[in-house]
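Working notes for the structure below.
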Amino acid sequence: MEKFILAFIVGGAICVIGQLLMDGLKLTPAHTMVTLVVSGAVLGGFGLYDDLVKFAGAGASVPISSFGNQLVKGALQEAEKTGIIGVLTGIFKITSSGISAAIIFGFLSALLCKPKG
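Position one of the sequence shown corresponds to residue 279 (the working numbering), numbered consecutively onward.
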């Protein structure tokens, strides 16, 4: 039960930060999303995001900031193996399933729903 509460609190805190960015700084949703992805990437680059995932579980691994962490993690892992070209290939290797799912479900949603415009 404690893990669920921690996941809820941390995931909610990440969402609150995103909402505060939009309301307080008047950032667009796109700017807010990029800010959260980059912050996850920076925390992942310093090795701090994995500690947050260990602490909060899904509360830290589900939000968009985790995507930034995964981008950096994949780039660093492949860079160690194959050098500079691994930075480019590692990004896609580790995040390809998430990117593919977003494209597929976005396409299906577009087919099933009427656009309002």
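For each residue, glycine too, the CB sits at the ideal point set by N, CA and C.
Would you say the beta carbon of residue i comes nearer than 7 Å to a heavy atom of the ligand ADP?
i      : result
Ser344 : Although the ligand ADP was asked about, the structure shown includes no ligands whatsoever.
Whole angstroms is fine: what's the gap from residue i's alpha carbon to residue j's?
i      : j      : result
Lys359 : Ile342 : 27 Å
Leu349 : Lys394 : 33 Å
Cys293 : Val315 : 13 Å
Ile372 : Gly352 : 5 Å
Gly361 : Gln355 : 10 Å
Leu390 : Phe383 : 10 Å
Ile381 : Ile369 : 17 Å
Met279 : Phe324 : 30 Å
Gly376 : Thr367 : 15 Å
Ser317 : Phe286 : 20 Å
Leu321 : Ala388 : 34 Å
Ser374 : Ala308 : 21 Å
Leu305 : Ser344 : 20 Å
Lys392 : Ala379 : 21 Å
Lys332 : Asp301 : 30 Å
So, under 8 Å CB-CB, residue i and residue j are touching, yes? Tell me the CB distance rounded to an integer number of Å.
i      : j      : result
Gly346 : Ala357 : Not quite, the Cβ-Cβ distance comes to about 17 Å (not below 8 Å), so this is no contact.
Gly337 : Leu284 : 6 Å
Beta carbon of residue i, beta carbon of residue j: below 8 Å?
i      : j      : result
Val288 : Ala319 : no
Leu330 : Thr313 : no
Thr310 : Gly290 : no
Please report whether the beta-carbon of residue i lies at a distance below 8 Å from any beta-carbon of chain C.
i      : result
Thr373 : Chain labels in this structure do not include chain C; a single protein chain is all it has.
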